[in-house]
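Some notes on the structure that comes next.
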Amino acid sequence: MDVSELLLEAAVLMLTGMVVVFVFLTILIFTIKAMSKVLANFQTPEVTPNPVKLSGNQVPTSHVAAIAAAVKQYREKQ
Numbered sequence: 002m003d004v005s006e007l008l009l010e011a012a013v014l015m016l017t018g019m020v021v022v023f024v025f026l027t028i029l030i031f032t033i034k035a036m037s038k039v040l041a042n043f044q045t046p047e048v049t050p051n052p053v054k055l056s057g058n059q060v061p062t063s064h065v066a067a068i069a070a071a072v073k074q075y076r077e078k079q
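Heads up, the sequence shown is in this note's numbering, so the first residue is 2 and it goes up one at a time.
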C-alpha cells in the first residue's frame with residue numbers, strides 16, 4: 002500500500018469515528034432531556050410548612066428548652 006492510500010484510509014476511519022461519537026452524544030442529550038420532561042410529570046410537589054410568625058424578638062419555647070437542656074448537659078460534663 003502507498004502512503005497516500007494509508008492516509009486516506011486513516012482520514013476515512015477518523016471521520017467515521019467522529020461522526021459515530023457525535024451521533025451517539027446527540028442521541029444521549031435528547032434522551033436525557035426527554036426523560037427529564039417525562040419524569041417532571043411524576044414528581045410530587047414539595048409541601049412547604051408555614052413559618053411560625055413571632056412577634057418582636059420572641060424565641061420559640063421549644064428552642065429555649067433545647068438550649069437549656071444542652072447547657073445543663075454541658076455543665077454536668079465540666
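For each residue, glycine too, the CB sits at the ideal point set by N, CA and C.
Secondary structure of residue i, DSSP reduced to three states
| i | result |
| --- | --- |
| T62 | helix |
| N51 | coil |
| T27 | helix |
| T45 | coil |
| M36 | helix |
| Q74 | helix |
| M15 | helix |
Close Cβ partners of residue i (< 8 Å) along its chain, the five nearest in sequence each way excluded
| i | result |
| --- | --- |
| V48 | none |
| N42 | none |
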